Structures are given as structure tokens and as C-alpha cells.
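Trainee:
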Amino acid sequence: MPAAKMNKTKSKPVKKRKSKLIARGVSKVKKSVRAQAKRKDVVTDNLVSLQSFILEEERRYPSATGELSWIISAISLAAKIIAFKVRHVRLQGVIGQEGATNVQGEAQIRMDVISNEVIMRVLGSRSSIAVLGSEEDHEPTILRKGSEGGKYCVLFDPLDGSSNLDTAVGVGTIFTVLKNDPNIPGAMETVCQRGAEQIAAGYVLYGSSTVFMLTTGHGTHMFELDTSVGSFLLVKRDLQIPAANKVYSVNEANLEGFPKGYRDYVAWTHRNNYSSRYIGSMVADVHRTLVNGGVFLYPPTKKHPSGKLRLLYEANPMSFLIEQAGGKSTTGSQRTMNVVPKQLHERTPLVMGSPDEVDHVMRIAHGVKR
Ligand code: AHM
Ligand code: MG
16 MPAAKMNKTK
26 SKPVKKRKSK
36 LIARGVSKVK
46 KSVRAQAKRK
56 DVVTDNLVSL
66 QSFILEEERR
76 YPSATGELSW
86 IISAISLAAK
96 IIAFKVRHVR
106 LQGVIGQEGA
116 TNVQGEAQIR
126 MDVISNEVIM
136 RVLGSRSSIA
146 VLGSEEDHEP
156 TILRKGSEGG
166 KYCVLFDPLD
176 GSSNLDTAVG
186 VGTIFTVLKN
196 DPNIPGAMET
206 VCQRGAEQIA
216 AGYVLYGSST
226 VFMLTTGHGT
236 HMFELDTSVG
246 SFLLVKRDLQ
256 IPAANKVYSV
266 NEANLEGFPK
276 GYRDYVAWTH
286 RNNYSSRYIG
296 SMVADVHRTL
306 VNGGVFLYPP
316 TKKHPSGKLR
326 LLYEANPMSF
336 LIEQAGGKST
346 TGSQRTMNVV
356 PKQLHERTPL
366 VMGSPDEVDH
376 VMRIAHGVKR
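Count along the sequence shown from 1, add 15, and you get the number used in our numbering.
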């Protein structure tokens, strides 16, 4: 066979095979992009950072001064610093107890103190803040009074669930922003506002990824920290909690000490094919509940007859996020965000999550037969 002919006959099938392979490759890529787009947990929208998201929110209000945006931005800076420390607790030698107890009489973990300092430092310089209140401090800290300005108060739990740090379990920062009324003289009175008055609230979960959840009263939005660029990026706008899911989250070891109605509820879940999930770190338990549905509860116990969780900087911000995602939150006797607080560290019983699941708890806890 002449050489030219040989080449022709041999090269044709190679070219064809090549173009077939390319075509197959392209269609595979197209399919995978389509499949990704269908999966609701994959971001296919434009990339939006927390900073630009806040600016976009701010534009809803022509009279907005941008002060709230500065506060949220400062909290995100604190979150990045704390996230780094949480991920390196042993390497940085910050594991273990501080040796002191906080105002609640609980042993302070070193990271509680460090996280508190970080948040105090990033928020302390913001001229828009009048009062800061932390789980770790006895009294609210007054930064500005009366004519010195300060439009807002920020309350926070710097590192919730910190006793879990030893075992690398997810922990978190919870915060809420309230309006400051310069006419109210005492800091304690100023911060004692109903949850329904919150201007913004959120939490940061330092888990297998670092997640920032935020609400300013227009839905609940989820951001994830991209460590390569050092920014929280929007991964879910307007998160909706599933209406129901057969999962309850409670420290069942306290069962004997629960009021009868809550014992009945737990017994009811056992008869009705429910699953139990309890991490013992509120931010992680509530985050799972928000994303997957179910109910998270901390009822009154023998040890904590008024509940264990703190109303102002744990229950209220979480309730705001849950309600904005279509869920419910109650103290067992009223909407959590309607409680009029008496002091910064007040505790409350809490039931929150998917609306149908919260209804089940309340129906059984109040002995309503169906
Ligand atoms: P903390 O703020 O001192 O960390 O305590 C709050 C934590 C929550 O994260 C969690 O939901 C709860 O305490 C767990 O309590 P318990 O160990 O009694 O189940
Ligand atoms: Mg806490």
C-alpha cells in the first residue's frame, strides 16, 4: 500500500475517535454542571461575599447610615480570628480551663476568654455601639452614653459549647444587635429588650466548615468561610427550615427532671419512629435543626428549673433566625421573642425548630389529646 494512502486510512479513525472522545467529554461536563445545578447544596449563582450582601441589604433602606453593616462586618472579622484559633487550639496551646469561673458560676475555658477579648476588641472601636453584653462578663460594658452617641447594643456568647473544644466538636459564636435608647439610663435596662425588637442576629458555627448565619429580619441567609480568600461567601439565600422532620434533639439524661409533659413527649417520639440527635453544643444542634428540620429543646430540669440557655444572647438570636426561616420558637408557655427580660443573663426553657415538630411538643407537653 502506498505510504500516503496508508496514512490516510490510519489517521481517519484516530481523528474520529478523538472527536468522539472530546464530544463525550463535553457532554459529561455539561451533564455534571446540570447535575450540580440541580443539587440544592451547590452554589451555582454568582459569588457574593458577606460584605457585599450586607451592602445590598442596606440599600433597602434609603435612610440607612451603614452603621449596622459596619457592626456585622466587624463580627465577621472576629469570627475569622476565632475560627483560626478554634482550628488550632492544641497547636496554639489554648486548650483547657482558664482557672476562673464566669458570672454563671461555670468554669471558664481559655478560648472563652480569648474569644470574648477578640469580639470586645473588634466591636469596641465602633462608634455606633453604645453597650456590649457578653456571657462572660457580669455587667454590660458601656462604651458611650447619652450625647456620645451609639445607636446600637450588641449582645453575644463569644464561644458557645466551648467545653466541647477538647474533643474537636463544633462550637460557635452567637450575637444579636439591638437599638440603643439613649434616654434609658442603666445599661442593664437598655439591653433588656424583647427578642421581637432585634435588629439583626446570627451565629457562626466553627464546624467541619465555618458557617455564618445571618438575619436582619428579611430571611435567614447562610455564608461559608472560603479560607483561600478569607471571605464568607453566600451559599444559601433565604434558607427555609423543613416543615417537619422526625428528629428530636434534647439532653435525654435530664429526662427524670423534666416536667411530665416533656417526659410524655419523649416517650411519644419513641413510639413514633423518631431519631435522636444531640451534640451538646447549641450552635451545632440548632444549625442541624435549621438545615435538616426537627426540633431542639432544653426544657426546665431539676438542676435548671428555669431552663439552662440564656434568653438574651442564646435563645433570642436563635429564635430570630429560626422564625425568619419559617420555624417556631417557644419557651413552652409563650413565643420566646415576646418574653420581657429582667436581666442580661436570664435563662429560659426553649423549644425551637420545624413548625410541625414544635407543635407536637407543645400539644403533648400541654396534655392535649388528639
Ligand atoms: P455554654 O454557653 O456555657 O457553652 O453552655 C451552653 C451549652 C449549649 O451550647 C448546649 O446546648 C447546652 O449548653 C448543653 O447543655 P447540657 O450539657 O446540659 O446538655
Ligand atoms: Mg453559651
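Cβ atoms here follow ideal geometry from the backbone N, Cα and C, with glycine treated the same way. The structure presented is a predicted model; accordingly, all values stated were derived computationally and were not measured.
Can you have a look at N131 and say buried or exposed, based on whether 16 or more other CB atoms are within 10 angstroms of its CB?
Mentor: Label assigned to N131: buried.
Trainee: Report buried or exposed for A340, applying the criterion of at least 16 other Cβ atoms within 10 angstroms of its Cβ.
Mentor: The residue in question, A340, is buried, as its Cβ has 16 or more Cβ neighbours within 10 Å.
Trainee: Please classify A19 as buried or exposed, where buried requires at least 16 other C-beta atoms within 10 Å of its C-beta.
Mentor: For A19, the pLDDT reaches just 44, beneath the cut-off of 50, and the residue's location in the model is therefore unreliable, although a value from the coordinates is still provided. Flag for A19 reads exposed.
Trainee: Cutting at 7 Å between CB atoms, please list the residues of its own chain near V376, excluding the five before and the five after it.
Mentor: The answer, listed in chain order, is Y280, V310, L312, V366.
Trainee: By the three-class DSSP mapping on this structure, what secondary structure does H381 have?
Mentor: Coil at H381, not helix or strand.
Trainee: Within the continuous alpha helix (DSSP H) that includes G276, where are the two ends?
Mentor: Where G276 is concerned, the enclosing alpha helix (DSSP H) stretches over 275 to 286.
Trainee: Comparing the CB of M126 with every heavy atom of ligand 2, is any distance shorter than 7 Å?
Mentor: No, the Cβ of M126 stays beyond 7 Å of every heavy atom of ligand 2.
Trainee: Counting by C-beta, which residues lie closer than 5 Å to a heavy atom of ligand 1, in chain order?
Mentor: Result: D175, G176, N266, G295, S296, M297.
Trainee: Could you tell me whether the stretch 332 to 346 touches the stretch 224 to 239, using the rule of 3 or more Cβ pairs below 8 Å?
Mentor: Yes, they touch.
Trainee: With distance defined between alpha-carbon atoms, name the residue in E239, V146, A216, H285 nearest to P200.
Mentor: Looking at the Cα atoms, V146 is the closest of the given residues.
Trainee: Once you ignore the five residues that flank T351 on each side, which residues in its own chain have a CB closer than 8 Å to its CB?
Mentor: Closer than 8 Å at Cβ, skipping near neighbours: G210, L326, A330, N331, S334, S344, T345, T363, L365, M367.
Trainee: Does the stretch 169 to 176 come into contact with the stretch 120 to 139, if we say contact requires no fewer than three beta-carbon pairs (one atom in each stretch) closer than 8 Å?
Mentor: Yes, since at least three Cβ pairs between the stretch 169 to 176 and the stretch 120 to 139 fall closer than 8 Å, the two stretches touch.
Trainee: What are the boundary residues of the alpha helix (DSSP H) that M126 is part of?
Mentor: From DSSP, the alpha helix (DSSP H) with M126 extends over 125 to 139.
Trainee: Where does the unbroken alpha helix (DSSP H) through P332 begin, and where does it stop?
Mentor: Taken as a continuous stretch (DSSP letters only), the alpha helix (DSSP H) holding P332 covers 331 to 339.
Trainee: DSSP three-state label for K318, please.
Mentor: In this structure, K318 counts as coil in the three-state DSSP scheme.
Trainee: Quick check on the burial criterion: 16 or more other C-beta atoms within 10 angstroms. Buried or exposed for P314?
Mentor: Buried, because 16 or more other Cβ atoms sit within 10 Å of the Cβ of P314.
Trainee: What is the DSSP secondary structure of P370, reduced to helix, strand or coil?
Mentor: In this structure, P370 counts as helix in the three-state DSSP scheme.
Trainee: Just grab the DSSP bridge partners of T235 for me.
Mentor: Paired residue(s): T230.
Trainee: Any idea which residues DSSP pairs Q157 with across the strands?
Mentor: In the sequence as presented, Gln is not what sits at residue 157; that position holds Ile. V146.
Trainee: Mind checking D181: buried by the 16 CB within 10 Å criterion, or exposed?
Mentor: Result: exposed.
Trainee: Tell me, which residues are paired with F99 by DSSP?
Mentor: According to DSSP, F99 bridges with nothing at all.
Trainee: Would you mind stating whether S224 and S64 have Cβ atoms separated by less than 8 Å?
Mentor: The answer is no: Cβ separation not under 8 Å.
Trainee: Can you tell which of G165, E151, E150 has its C-alpha closest to the C-alpha of I157?
Mentor: That would be G165, whose Cα lies nearest to the Cα of I157.
Trainee: Determine contact between the stretch 213 to 227 and the stretch 79 to 97, defined as no fewer than three beta-carbon pairs at a distance below 8 Å.
Mentor: With the cut-off at 8 Å, the stretch 213 to 227 and the stretch 79 to 97 touch.
Trainee: Can you tell me where the beta strand (DSSP E) with L305 in it begins and where it stops?
Mentor: From DSSP, L305 is part of no beta strand (DSSP E) but of the alpha helix (DSSP H) over 297 to 307.
Trainee: Following a CB-centred definition, is F329 positioned closer than 7 Å to any heavy atom of ligand 2?
Mentor: Looking at the sequence shown, residue 329 is not Phe but Glu. Yes.
Trainee: On the three-state DSSP scale, how would you describe A89?
Mentor: Residue state, collapsed to three classes: helix.
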